[in-house]
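Trainee: Taken in order, the sequence shown gives residues 1441 to 1665; the numbers are from our numbering.
Pasting a structure here, questions to come.
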Amino acid sequence: MKFLIVEDEESLRKSIAQYLAAAGNICDWASNYDQAYQKISIYSYDCILLDLTLPDGDGILLLKYLKKLNKNDGVLVISARNSLNQKIEGLSLGADDYLIKPFHLSELYARIMAIVRRRNYNGNNVVKYNELEIDTSNKEVKVNERLVYLTKKEFDLLLYFVSNKNKVISKSAAVEHIWGDDADMADSLDFIYTHIKNVRKKLTEAGCKEYFHSVYGVGYKFTDR
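This is the structure we're talking about:
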């Protein structure tokens, strides 16, 4: 999964990023309002961790901007502001949860995962699509109860497409979501074809139907139609 950490306190930002990365996630970060605004404008995230007090702006304005964009990114506000009015305002503007500093990183991660499950998987840890079953907690994939071994990138790629089934996903969107900021260093996006080819092969060899379909000149669609 891919997260954006909007936090100006460097030590806390690094601690959060290291904790989330250790669990196999991709973490982008922004230390001020302007950086966060730019990243939110360009990229999509499974969850945004948003500090309200930023050196060059108010995080509440970022919430309003997200609402205006009508994006589906989850939002967890992390703030030292323990005001009831502030919580109500944040939640009414679209934040999914509100966590007061200081907090334990384990609680932070539990709340993030709850947001992701509610938004993307109807509150479940296991995502099912016909004969395909994806366990988001144990990072396991099964086809007709048969375990399929995928690399981390392959697992993330499959989960991303299943979560966006029946939608056309461009190569750039898939690469950016799975590889994060590192995608900007790629000379070509063609390597995404190799990863999709590998996932296709492993799934079909396990008895799965062919769900990845190329959309000429654009990217791919995961569908049984």
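All C-beta atoms in this analysis are idealised placements derived from N, C-alpha and C, irrespective of residue type, glycine included.
1. Does the Cβ-Cβ distance between L1489 and L1516 come in under 7 Å?
2. Kindly identify the DSSP beta-bridge partner or partners of T1493.
3. Looking at the structure shown, is G1464 part of a helix, part of a strand, or coil, going by DSSP?
4. In this structure, how does DSSP classify L1572 when only helix, strand and coil are distinguished?
5. Using DSSP with H/G/I as helix, E/B as strand and the rest coil, what is F1652?
6. Excluding the 5 residues preceding and the 5 following A1470 in the sequence, name in chain order all residues of the same chain whose CB lies nearer than 6 Å to its CB.
7. Are D1486 and M1441 touching if we call contact CB-CB under 7 Å?
8. Do C1648 and L1572 have their C-beta atoms closer together than 7 Å?
9. Name the DSSP beta bridge partners of I1609, please?
10. Beta strand (DSSP E) containing L1539: first to last residue?
11. Closest to S1481 by C-alpha separation, out of Y1459, L1444, R1453, D1537, would be which residue?
Mentor: So, from the listed chains and residues:
1. In contact: L1489 and L1516 (Cβ atoms closer than 7 Å).
2. Partner(s): D1498.
3. Coil at G1464, not helix or strand.
4. L1572: strand per DSSP, three-state reduction.
5. Judged by DSSP in its simplified three-state form, F1652 adopts strand.
6. If the five residues before and after A1470 are omitted, its C-beta is found closer than 6 Å to the C-beta atoms of V1446, A1476, K1479, all from its own chain and listed in chain order.
7. In this structure, the beta-carbon distance from D1486 to M1441 falls below 7 Å.
8. In this structure, C1648 places its C-beta atom within 7 Å of the C-beta atom of L1572.
9. In DSSP, I1609 forms a bridge with Y1660.
10. In the DSSP assignment, L1539 falls within the beta strand (DSSP E) that extends over 1537 to 1540.
11. Among Y1459, L1444, R1453, D1537, the Cα nearest to that of S1481 is on L1444.
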